[in-house]
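Single-structure report; data block below.
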Amino acid sequence: MRKSINLLFITLLLFSSFLINCASDETKATPRNLPSEDEIIKKLNRELLEMQIQGFAGDQTVAPALYNKWKSKWLEPFKAVYPKMPPGYKVYVCGNADPHGGPAKTKRIAEGRADFIKSRLTKDLGEIGKNLGKKNYGSEKYEEFKGGISANRRVEFEIGK
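Each residue of the sequence shown is one higher than the last, beginning at 1 in my numbering.
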């Protein structure tokens with residue numbers, strides 16, 4: 001009887017060690033295999049960069065046709081960013097302007113563009129639209145684009161806290 005119990009115990013011990021060794025590292029989600037929060041944010045910001053809205057005329061801040069054109073192509077991909085965001089982050093609507101008119105004027109124009117797009121997005125996104133923030137860069141983020149100075153008359157999106 002005692003031999004049977006010892007044999008059973010040894011068999012169970014061998015079987016359990018076999019099961020432990022059979023578990024593949026490939027199937028285990030380890031923290032080192034997961035992207036960091038910074039990596040996630042950088043990737044999402046690259047996705048959002050493609051979705052910027054360009055084409056505002058000079059001092060134009062309200063552009064329903066421009067928004068509707070953007071919306072038909074980008075609203076669904078824009079919505080798809082939200083579930084991928086880490087907790088505590090939001091999407092910022094960032095207004096930009098070309099440098100003509102000085103800092104005060106470009107800030108006002110950029111803010112008007114951000115306000116307009118944010119109001120439209122808030123309406124179109126429903127509940128998730130309440131998590132939008134707003135920034136205006138005026139001409140601070142002025143860049144030399146192939147499209148010329150008008151390419152800086154834009155609204156872009158970025159994720160931040």
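We put the beta carbon where it would ideally sit given N, CA and C, even for glycine.
Asked: CB of residue 141 within 8 Å of CB of residue 96, strictly; Found: yes
Asked: Through-space distance from residue 36 to residue 54, alpha-carbon basis; Found: 31 Å
Asked: Cβ contact check for the segment 100 to 107 and the segment 74 to 85: 3 or more pairs under 8 Å; Found: no
Asked: Reference residue 114, options 50, 123, 94 and 100, closest by Cα; Found: 94
Asked: Those residues which DSSP pairs with residue 54 across a bridge; Found: 154
Asked: Residue from 126, 33 and 47 with nearest C-alpha to residue 157; Found: 47
Asked: Chain-order list of residues whose beta-carbon lies under 8 Å from that of residue 123 (same chain, five-residue window excluded); Found: 129
Asked: Per-residue DSSP class, three states only, for residue 101; Found: coil
Asked: Nearest-angstrom Cα separation, counted from residue 131 out to residue 76; Found: 16 Å
Asked: Residue 32 burial status per 10 Å Cβ neighbour count (16 or more: buried); Found: exposed
Asked: Best match in 60, 149, 59 and 87 for proximity to residue 38 [C-alpha to C-alpha]; Found: 87
Asked: Collapsed DSSP secondary structure at residue 229 in the structure displayed; Found: Outside the displayed range of the chain (1 to 161) lies residue 229, so it cannot be described from this structure.
Asked: Rounded straight-line distance, which links the Cα of residue 34 to that of residue 120; Found: 35 Å
Asked: Rounded straight-line distance, which links the Cα of residue 116 to that of residue 99; Found: 20 Å
Asked: Separation of residue 152 from residue 110, as counted between CA atoms; Found: 10 Å
Asked: Span separating the alpha-carbon of residue 149 from that of residue 74; Found: 24 Å
Asked: Residue 121 at chain D interface by Cβ criterion, 8 Å; Found: As a matter of chain content, chain D is missing from the structure shown, which is built from one protein chain.
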